[in-house]
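0 is the number of the first residue of the sequence shown in numbering that gives the first Met the number 0; add one for each residue after it. Glycine is no exception: its CB is placed at the ideal position from the N, C-alpha and C atoms. This one's a predicted model, so the numbers in the text were calculated from it and none came from an experiment.
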Amino acid sequence: MARPQIETFFRKLLPKGKRNLLYGTVDDRVFLQKEHRCPACSKPVENDKLKDNAFVCYHCNHHFRISAPERLRLLADNGEYQEFSAGLSTLNPLDFPEYEERYAAAREKSGLDEAVKTVVCKMKGREAVVIVMSFQFMGGSMGSVVGEKITRAILLAAQRGLPCVLFTASGGARMQEGIFSLMQMAKTSHAIALLERTGMPLFVVLTDPTTGGVTASFAMLGDVTLAEPEALIGFAGPRVIEGTIKQKLPEGFQRSEFLQQKGFVDRVVDRKAMKDMLAFLIDAHLTVQGAKK
Ligand SMILES: [Zn+2]
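In structure tokens form, the structure reads like this:
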């Protein structure tokens, strides 16, 4: 059987609302545009209404994955931000076959230049360095450019004395860059340690999905860790873990709400309440800083 036929066959075996699970690496909205149904509740949704609702299903509160420009449109005052370190691109350090072609195709398809955007913007008048990852670009994978941009952004926050907000969305390290990809874990973690010395806070927001090397480095190093509802957050995926330990995992394992219960996540916050929450956290931090002086 050809691959599309096999996929159709398995898709039919799943309950209706779960059929897109086979397309784990595909952006939910690609699915949405095709079928015009919410993948969580299977009810029909209109793109325009969804956009007005911050890409959250207005039937069941399912949070669709969004790219960095969409996230910034929701967060930044008047949708205005100043981007920096744009235009960096990989040098394919391992000379990995077909990487350059895939990279170019990802750029064209997503309209993004890399899996992360780093900006300075205001949120309800509070200035901050904001880092936003996009799962749409090669699964949000962390290659040398992603690591470099995140490091520069964190150092800029340290230099200018600005709070830093980091939205994660990643399948982990970028396999085409091998060890260069893994080195970014140490580099970004080191930059965060420097930021901490300046007394400036790092607020991390985990979005669906945050896994692999990103979870194993900067995603878990925030002073406050927020998450969007029902985001998948973990190192290895649940199926891999189940296969390894040969045990059934508890209900909701690796989802934001479960991780909040276990203390890994401080608060699960709805997308529409995120800007208010970040403004509150920045104010609270600056008040404490002011009191110390
Ligand atoms: Zn829904």
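| Check | Outcome |
| --- | --- |
| Residue span of the alpha helix (DSSP H) that contains valine 55, given as start and end | Where valine 55 is concerned, there is no enclosing alpha helix (DSSP H), given that its DSSP letter is neither H nor E. |
| Cysteine 163 Cβ short of 7 angstroms to ligand 1 heavy atom set | no |
| Identity of the residue in Leu205, Glu107 and Met137 nearest arginine 270 by Cα | Leu205 |
| Shell residues, 5 angstroms Cβ cut-off relative to heavy atoms of ligand 1 | Cys37, Ala39, Cys40, Cys56, His58, Cys59 and His61 |
| Contact belief for isoleucine 191 with threonine 214 at Cβ below 8 angstroms, rounded distance in angstroms | Not quite, the Cβ-Cβ distance comes to about 14 angstroms (not below 8 angstroms), so this is no contact. |
| Cutoff 7 angstroms; reference leucine 280; Cβ partners in own chain excluding five residues on either side | Phe202 and Val223 |
| Where cysteine 59 falls, given that 16 or more other Cβ within 10 Å makes a residue buried | exposed |
| Beta carbon of arginine 125 nearer than 8 angstroms to that of alanine 278 | yes |
| Reduced DSSP category for lysine 261 - H, G, I as helix; E, B as strand; rest coil | helix |
| C-alpha gap between leucine 194 and tyrosine 102, whole angstroms | 31 angstroms |
| Counterpart residues of cysteine 348 in DSSP-defined beta bridges | One cannot answer for residue 348 here, as it falls past the ends of the chain, which runs 0 to 292. |
| Cut-off 6 angstroms between Cβ atoms - residues of its own chain near glutamine 183, not counting five sequence neighbours on either side | Met141 and Gly146 |
| Neighbour-count burial assignment, leucine 225, 16 or more Cβ in a 10 Å radius | buried |
| Any alpha helix (DSSP H) of 4 or more consecutive residues that is wholly inside the stretch 144–203 | 177–197 |
| Opening and closing residue of the alpha helix (DSSP H) in which leucine 73 lies | 67–74 |
| Any 3 or more C-beta pairs closer than 8 angstroms across the stretch 33–43 and the stretch 56–73 | yes |
| Counterpart residues of proline 38 in DSSP-defined beta bridges | DSSP lists no partner for proline 38. |
| Closest Cα partner of leucine 87 within the set Glu97, Leu285, Ala290 and Thr117 | Thr117 |
| Between the CA atoms of methionine 273 and valine 239 - distance to the nearest angstrom | 32 angstroms |
| Three-state secondary structure (DSSP) of arginine 238 | helix |
| Cβ neighbours of threonine 210 in the same chain (closer than 8 angstroms, five flanking residues each side left out) | Ser169, Gly170, Gly171, Leu231, Ile232, Gly233, Phe234, Ala235 and Gly236 |
| For glutamine 226, the residue or residues it bridges with in DSSP | It is alanine, not glutamine, that sits at residue 226 in the sequence shown. For alanine 226, which the question treats as bridged, DSSP gives the partners Leu205 and Val267. |
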